Amino acid sequence: MSKWIHESIDGWTLHILLPPSYAEGGRYPVVYIQDGGAVAKACSNLLDHYFRSGWLPEMILVGIEPHNRNDDYTPWPAPALTASFSSFGGHGRAYLDTVTTYLKPYVDSTYRTLADQASTGIVGCSLGGLISLYAAIEFPHVFGKVGALSASMWYEGFLDYLTEQTWSERSDLKLYMYVGSLEGVYKQNVQAHMLDHTRAACRMILAKGYPADCLNYVEEEGGTHDMLFFAKHFPEALQWLFT
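Plus 105 on top of the position in the sequence shown (first one is 1) and you've got the numbering used here.
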């Protein structure tokens with residue numbers, strides 16, 4: 106059966122899911138997941154079934170708990186959305202430096218991984234999806250598979266940032282993007298543009314020459330910004346990215 110292992114590495118907490126056949130030997134792709142791997146934990150029994158049935162290739166999942174998600178998962182500073190929330194610190198680059206230069210090497214040296222770019226994924230939901238997409242652009246030599254589930258595409262300046270990228274040269278990247286049709290529907294701030302901005306991002310990425318067969322855009326009618334829908338689409342994201 107798949108097995109969760111919990112480790113603390115110099116102040117960073119990792120939740121690592123080893124696949125069913127891990128004890129038998131071999132090496133496995135690795136997916137780094139934001140928010141401590143909460144989305145994987147929400148469907149861990151289903152993932153175990155998918156691994157055992159062969160619908161999903163076996164892989165190692167590494168959930169990383171953030172220190173402060175409003176800081177760690179944002180690429181640059183931005184003001185708070187409302188007075189009751191803290192501002193966004195924009196420490197995403199420093200967070201990803203830690204992931205790529207310290208946490209990933211630790212995982213690769215401790216577990217039997219396939220450490221190359223094509224075998225390494227990063228996935229997140231909401232702000233976690235935003236920083237995962239940012240990671241694909243800033244660390245193209247590290248991450249070859251990216252899942253952005255309900256990524257916070259409303260984030261100030263992010264659409265402009267995506268537009269500046271040379272997408273026609275990223276045929277080595279597989280990208281899965283999901284959003285629900287009801288995300289942000291009742292918001293009175295920039296989050297009301299969640300759906301429109303996600304659609305616009307996908308159109309722009311393809312218009313700039315990114316191969317259509319490398320992007321899987323999924324939009325669920327009636328989907329809201331909830332773990333219920335994140336967990337529903339997470340196994341689907343892994344299956345598409347790694348097959």
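By construction, the Cβ of each residue, glycine as well, lies at the ideal position given by its N, Cα and C atoms.
All figures in this text were calculated on a predicted structure; none of them were measured in a lab.
Proximity of residue i and residue j at Cβ, strictly below 7 Å
{"i": "K279", "j": "K313", "result": "no"}
{"i": "K146", "j": "L123", "result": "no"}
{"i": "V167", "j": "L119", "result": "yes"}
{"i": "L300", "j": "L161", "result": "no"}
{"i": "S231", "j": "S191", "result": "no"}
{"i": "I227", "j": "Q270", "result": "no"}
{"i": "H196", "j": "D177", "result": "yes"}
{"i": "W272", "j": "Y315", "result": "yes"}
Buried or exposed (CB count within 10 angstroms, at least 16 for buried), residue i
{"i": "T179", "result": "buried"}
{"i": "M164", "result": "buried"}
{"i": "P210", "result": "exposed"}
{"i": "I110", "result": "exposed"}
{"i": "R308", "result": "exposed"}
{"i": "L235", "result": "buried"}
{"i": "H172", "result": "exposed"}
{"i": "G116", "result": "exposed"}
Proximity winner among the options, relative to residue i (alpha-carbon distances)
{"i": "P245", "options": "L201, C230, S149", "result": "L201"}
{"i": "N175", "options": "R198, L119, D318", "result": "R198"}
{"i": "L335", "options": "E274, E288, W160, V295", "result": "Position check: residue 335 holds Phe in this sequence, whereas Leu was assumed. Among E274, E288, W160, V295, the Cα nearest to that of F335 is on E288."}
{"i": "Y260", "options": "I227, G328, V323, W181", "result": "W181"}
{"i": "Y281", "options": "V204, R217, F347, M299", "result": "F347"}
{"i": "Q222", "options": "D277, S214, C319", "result": "D277"}
{"i": "G252", "options": "V323, G262, S237, L208", "result": "S237"}
{"i": "Q139", "options": "A305, A240, G116, D265", "result": "A240"}
{"i": "L254", "options": "H172, G285, W117", "result": "G285"}
{"i": "V295", "options": "V136, G116, L186", "result": "L186"}
{"i": "E274", "options": "V290, T303, A317, G233", "result": "A317"}
{"i": "N321", "options": "M332, T303, G327, L333", "result": "T303"}
{"i": "G131", "options": "A306, K292, Y216", "result": "Y216"}
{"i": "G142", "options": "G229, Y291, A188", "result": "G229"}
For residue j and residue i, believed in contact at Cβ under 8 Å, the rounded distance
{"i": "P134", "j": "R157", "result": "P134 to R157, Cβ: 17 Å. No contact."}
{"i": "V323", "j": "Y283", "result": "5 Å"}
{"i": "I169", "j": "V144", "result": "Actually they do not touch by this definition, with Cβ atoms about 12 Å apart."}
{"i": "Y127", "j": "P340", "result": "The pair is not a contact, with the Cβ atoms about 18 Å apart (cut-off 8 Å)."}
Whole alpha helix (DSSP H) runs in the region 160-212 with 4 or more residues, listed along the chain?
Counting whole runs of 4 or more residues, the region 160-212 contains the alpha helix (DSSP H) stretches 174-177, 197-203.
Which full runs of the alpha helix (DSSP H) of 4+ residues lie inside the region 209-241, going along the chain?
Note on the region 209-241: whole alpha helix (DSSP H) runs with a minimum of 4 residues are 209-215, in chain order.
In chain order, what are the residue ranges of uninterrupted beta strand (DSSP E) at least 3 long that sit wholly in the region 111-147?
Listed in chain order, the beta strand (DSSP E) elements of length 3 or more contained wholly in the region 111-147 are 117-123, 135-138.
Complete beta strand (DSSP E) runs within the region 282-347 (minimum length 3 residues, chain order)
Taken in chain order, the unbroken stretches of beta strand (DSSP E) that lie wholly in the region 282-347 and span 3 residues or more are 320-325.
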